[in-house]
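Have a look at the structure below, then the notes.
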Amino acid sequence: MILLFEQLLNGLQYGVTLFLLAAGLTLIFGIMGVINLAHGALYMVGAFAASWVAIQTGSFWGGLLSGLAASAIAGVAVELGVMRRLYARDHLDQVLATFALILIFNQSTVLIFGRQPLFTSVPDVFSGSVEILPGLPYPTYRLFVIAVGLAVALGLYLLINKTRVGMLVRAGATNRQMVRALGVNIQGLYTAVFALGALLAGLAGVMASPIVSVQVGMGDEIILATFVVVVIGGVGSVKGAFVAGIVLGMFDTMLRAFLPGLLQQVMPGPEAQALGVGVSSMGIYLMMALVLLVRPRGLFAARG
Amino acid sequence: MKREHLILLAVFLLLALVPYAAELTGQTSWTRLVGQALIYGMAAASLNFILGYGGMVSFGHAAFFGIGGYVVGILYHHFDAGTSFLGLIPGTDQMLITLPAAVIVAGLAAALVGAMSLRTGGVQFIMITLAFAQMFFFLFISLKTYGGEDGIMVRRTNSLPGLDMKNKATLYWVVLCFAAAYYLFLRRLVQSSFGQIIAGIRQNERRMAAMGISTYRYKLAAFVLSGMGAGLAGALMVNFLRFASPDMMHWSRSGELMIMVILGGVGTLAGPFIGAGVLFTLETTLARYTEHWMLPVGILLLIVVLTTRGGLMALIRRLGGKR
Chain U
0 MILLFEQLLN GLQYGVTLFL LAAGLTLIFG IMGVINLAHG ALYMVGAFAA
50 SWVAIQTGSF WGGLLSGLAA SAIAGVAVEL GVMRRLYARD HLDQVLATFA
100 LILIFNQSTV LIFGRQPLFT SVPDVFSGSV EILPGLPYPT YRLFVIAVGL
150 AVALGLYLLI NKTRVGMLVR AGATNRQMVR ALGVNIQGLY TAVFALGALL
200 AGLAGVMASP IVSVQVGMGD EIILATFVVV VIGGVGSVKG AFVAGIVLGM
250 FDTMLRAFLP GLLQQVMPGP EAQALGVGVS SMGIYLMMAL VLLVRPRGLF
300 AARG
Chain E
0 MKREHLILLA VFLLLALVPY AAELTGQTSW TRLVGQALIY GMAAASLNFI
50 LGYGGMVSFG HAAFFGIGGY VVGILYHHFD AGTSFLGLIP GTDQMLITLP
100 AAVIVAGLAA ALVGAMSLRT GGVQFIMITL AFAQMFFFLF ISLKTYGGED
150 GIMVRRTNSL PGLDMKNKAT LYWVVLCFAA AYYLFLRRLV QSSFGQIIAG
200 IRQNERRMAA MGISTYRYKL AAFVLSGMGA GLAGALMVNF LRFASPDMMH
250 WSRSGELMIM VILGGVGTLA GPFIGAGVLF TLETTLARYT EHWMLPVGIL
300 LLIVVLTTRG GLMALIRRLG GKR
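Top to bottom, those sequences are chains U and E. Just so you know, the first sequence maps onto residues 0 to 303 in numbering that gives the first Met the number 0. Just so you know, the second sequence maps onto residues 0 to 322 in numbering that gives the first Met the number 0.
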């Protein structure tokens with residue numbers, strides 16, 4: 000029971016990371032109609048910048064700031080240099096150009112930092128653990144990650160539903176042409192949305208950096224799961240990204256934690272282990288296929 | 000028409016001479032390189048049929064490539080061990096059996112994936128094909144009997160009656176013949192009424208539906224045909240490299256197949272082969288000089304996507320038109 004609760008929290012923490020990535024991706028997707036495979040590269044940039052600065056200066060908070068700055072700058076550079084030319088193209092060109100960006104980002108990171116993973120420690124404030132249930136201590140840092148994720152979710156909700164920029168974002172996700180026809184500076188809006196998405200991806204990377212190993216290719220692993228979240232949640236819907244992110248994060252963590260054990264009761268050990276790991280990796284994709292069969296546009300699609 | 004035939008014949012003869020040229024110059028790796036490029040060309044061409052002619056952007060095509068390869072690998076594994084697949088199907092190393100089996104199994108997988116994926120469109124289609132490919136990828140990783148993450152070694156290339164398949168040059172010529180036959184098949188297919196309907200669906204699906212054509216069925220048939228082609232290519236690749244691994248269906252492999260199509264020219268017959276040849280040669284040559292070969296490849300790819308429309312085939316056609 001306690002193990003279950005702990006895994007649920009782990010799932011929540013993973014779900015929050017997925018949400019941070021998916022929120023930016025779904026906005027970019029919904030408003031500009033661009034498939035950005037390189038979104039995971041921005042996550043990697045955030046994680047690397049934060050870890051490197053944290054290792055050099057010894058300050059997690061300095062790392063946090065530089066990680067956010069680095070990913071936002073990289074995002075704006077990508078938008079101005081590459082994305083801007085892709086808005087009018089079809090999805091195929093977008094997939095390829097951003098695939099090329101992944102190669103470029105990954106190899107540049109190898110050139111700068113080498114292939115060895117970077118390791119950082121959690122900040123002193125959060126180094127301990129809290130006993131949230133009797134007999135269940137849980138690392139404070141992971142709780143902090145969850146809190147940050149939920150706070151960002153609230154902030155995004157307010158930004159999108161209560162401000163003028165948010166109104167433009169919503170309008171853009173519903174009907175791009177109409178927004179342009181009404182004389183909105185769409186170029187500026189695009190750059191701003193892309194920067195925001197990059198910032199959120201960077202934040203996810205920074206938050207994850209003390210927990211996961213910061214290495215080249217870390218973005219590629221999580222970006223596929225993020226796409227699943229975006230598609231299940233419905234392209235362009237931040238609410239969908241939130242719901243799908245949390246659900247998928249928990250679902251995936253649960254499968255990974257318990258499926259191999261369950262399988263071991265019906266078949267021999269090593270094979271059950273391998274099959275359990277394989278099937279739990281398939282889980283989220285299976286879920287996406289099922290959701291799309293029932294609702295081809297995802298759960299909360301912005302465009303009707 | 001006449002000119003096209005001449006060019007095709009010349010290219011075929013030139014490719015047939017590759018093993019001799021390799022022998023003469025002492026660059027024996029050429030045969031292996033060109034052979035692999037031809038096989039990737041087949042896989043890219045099969046993808047191009049749905050992507051370029053049918054407008055279905057499948058991001059999971061490597062799955063069928065890998066499944067075709069695994070059929071050969073699994074059949075060989077059971078042949079070698081003297082066991083049967085699921086206790087029913089005995090293994091074999093006869094190419095006349097393994098290749099059709101690979102094509103059929105890949106076709107069945109494509110039918111399954113296509114039947115579900117084609118209910119969606121646009122971005123969702125791209126993502127759902129990717130999702131299915133990932134499921135196959137993880138499925139094969141979790142099969143410990145067939146090597147799991149390490150894959151299966153196929154110690155000896157499948158045998159064809161009357162041919163010495165151990166000979167590298169013979170194997171190369173077999174691959175070349177398959178590639179040529181597949182090229183001619185696609186050429187017929189594109190010109191057939193079926194191919195015309197597929198192209199019509201790409202241009203305007205609603206119009207085709209209004210004309211009384213059940214577009215879903217046609218798209219599904221095209222998807223299955225394309226998957227079968229990829230399966231054939233995968234089966235040949237496993238024979239050529241004597242190795243099948245889950246890497247064959249990794250999602251970046253699907254991306255690479257798309258790159259080959261785009262680089263060569265979407266919706267052209269020769270484009271995917273040219274794209275595969277260029278990309279594969281580039282990768283292998285650069286990899287010899289630097290471990291960071293992905294950086295120049297990425298930059299080149301970005302330039303190609305951003306500045307050219309229609310890939311290398313458009314470039315060739317423009318150069319040809321100037322004359």
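C-beta: ideal position from N, C-alpha, C; glycine also. Fair warning: this is a prediction, and the values are worked out from it, not measured in the lab.
Against chain E, a Cβ distance below 7 Å from L292 of chain U picks out M115, R118.
When DSSP states are grouped into helix, strand and coil, M152 of chain E belongs to the strand group.
Residues of the region 285-302 of chain E with a Cβ closer than 7 Å to any Cβ of chain U, in chain order: H291, M293, L294, V296, G297, I298, L300, L301. Here S192 of chain E has no same chain residue with a Cβ atom under 8 Å from its own Cβ, once five neighbours each way along the sequence are excluded. Ranked by how close their Cα comes to the Cα of M164 of chain E, the residues E:G254, E:N238, E:L14 have E:N238 in first place.
In the displayed model, Y137 of chain U falls within a strand according to three-state DSSP.
Counting of Cβ neighbours within 10 angstroms places E220 of chain U among the exposed residues, the total staying below 16.
Around the beta carbon of L95 of chain E, a 10 Å sphere encloses fewer than 16 other beta carbons of the protein chains shown; the residue is thus reported as exposed. Around the CB of D89 of chain U, fewer than 16 other CB atoms lie within 10 Å, so the residue is classed as exposed. Counting along the chain, the unbroken beta strand (DSSP E) around V129 of chain U starts and ends at 128-132. Among the residues of chain E, those whose CB is under 8 Å from the CB of M287 of chain U are M126, I127, A130, following chain order. Using a CB distance cut-off of 8 Å, E270 of chain U counts as an interface residue toward chain E. Between V303 of chain E and L142 of chain U, the alpha-carbon positions lie close to 46 Å from each other. L67 of chain U and A200 of chain U have their alpha carbons spaced roughly 9 Å apart. No residue range can be given for G297 of chain U, since it is assigned to no alpha helix (DSSP H) and is classified by DSSP as neither H nor E. For S158 of chain E, the beta-bridge partners assigned by DSSP are E:Q93.
Distance from the Cα of R308 of chain E is smallest, within the candidate group U:G10, U:A96, U:G61, U:F59, for U:A96. Taking 4 residues as the shortest admissible run, the region 15-97 of chain U contains the following complete alpha helix (DSSP H) segments, listed from N- to C-terminal end: 38-56, 59-80. Contact annotation, G310 of chain E with L262 of chain E: C-beta distance approximately 5 Å; criterion of less than 8 Å satisfied.
Separation of the CB atoms of F104 of chain U and V33 of chain U is rounded to 17 Å, and the pair is thereby denied contact status at 8 Å. At least one C-beta of chain E is nearer than 8 Å to the C-beta of G277 of chain U. In the DSSP annotation of this structure, the continuous segment of the alpha helix (DSSP H) that includes K238 of chain U starts and ends at 237-263. Collapsing the DSSP output to three states places F64 of chain E in a helix. Taking the C-beta atoms as reference points, F193 of chain U is found no nearer than 8 Å to T108 of chain U. Annotation for L100 of chain U: L36, A37, A40, V77, V81 place their beta carbon closer than 8 Å to its own, counting only its chain and skipping 5 residues before and after. K1 of chain E counts as exposed, since fewer than 16 other beta carbons sit within 10 angstroms of its beta carbon.
DSSP places L87 of chain E in the coil class of the three-state scheme, outside both helix and strand.
Taking 7 Å as the Cβ-Cβ cut-off, the region 138-162 of chain E approaches chain U at L138, I140, S141, K143, G147, given in chain order.
DSSP, read as helix, strand or coil, puts V296 of chain E in helix. Judged by DSSP secondary structure, T169 of chain E falls within the alpha helix (DSSP H) whose first and last residues are 167-190. As the crow flies, the alpha-carbon of F59 of chain U is around 6 Å from that of P122 of chain U. Interface residue (Cβ-Cβ distance to chain E less than 8 Å): M281 of chain U is classified as such. Taking a contact to require three or more Cβ pairs closer than 8 Å, the region 50-58 of chain U and the region 164-176 of chain U do not qualify as touching. Straight-line measurement puts the Cα of G90 of chain E at about 7 Å from the Cα of T82 of chain E. In this structure, A114 of chain E keeps its C-beta atom at 8 Å or more from the C-beta atom of G276 of chain E. Between V205 of chain U and A300 of chain U a beta carbon distance of about 30 Å is seen, past the 8 Å cut, so the two are scored as non-contacting.
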